[in-house]
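Numbering (the numbering used here), first residue to last: 488 to 607. Glycine included, each C-beta is placed from N, C-alpha and C at the ideal position. Heads up, the thing below is written out as structure tokens.
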């Protein structure tokens, strides 16, 4: 952040790139957790030619767990609608959710929930 001229914590937290840095932080934490944990999973992302995007696919035991990452305490729950792309592709979709700055796990529907970033 410093090399990109985001010189203070407050400037970064409220600047135009704060969402990008937050997303990068969450992905780095996921990579560390799977690198040092007992279970192994592949991490990737999805973006198609129509600019539909899913931030993280956690591929584990033949199942895809989709995650969106939002630097908000109350992101739009409609974000999980895009996970239907996985079903249309014929892949097996597991539980997923939106990693955000909420205080506790909050169900969105039967397969997805808001996930506090401090649990990652």
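Same chain only: Cβ atoms within 7 Å of residue i, ignoring 5 sequence neighbours per side
i           : result
residue 591 : 603
residue 600 : 584, 592, 593, 594
residue 598 : 582, 583
residue 569 : 539, 541
Delimiting residues of the alpha helix (DSSP H) encompassing residue i
i           : result
residue 525 : Residue 525 -> no alpha helix (DSSP H), and no H or E assigned at all.
residue 497 : 496-501
8 Å Cβ shell around residue i - same chain, five flanking residues per side excluded
i           : result
residue 443 : Here the chain comprises residues numbered 488 to 607, so residue 443 is not present and cannot be evaluated.
residue 530 : 514, 517, 518, 521, 543, 544, 545, 546
residue 562 : 555, 585, 587, 601
For residue i, three-class secondary structure by DSSP
i           : result
residue 567 : helix
residue 607 : coil
residue 574 : helix
Start and end residues, beta strand (DSSP E) containing residue i
i           : result
residue 550 : 550-556
residue 589 : Counting along the chain, residue 589 falls outside any beta strand (DSSP E), and DSSP gives it neither H nor E.
residue 597 : Taken as a continuous stretch (DSSP letters only), residue 597 belongs to no beta strand (DSSP E), as it is neither H nor E.
residue 542 : 540-547
Inspect the CB distances between the segment 520-527 and the segment 495-511 and report whether three or more fall short of 8 Å. no
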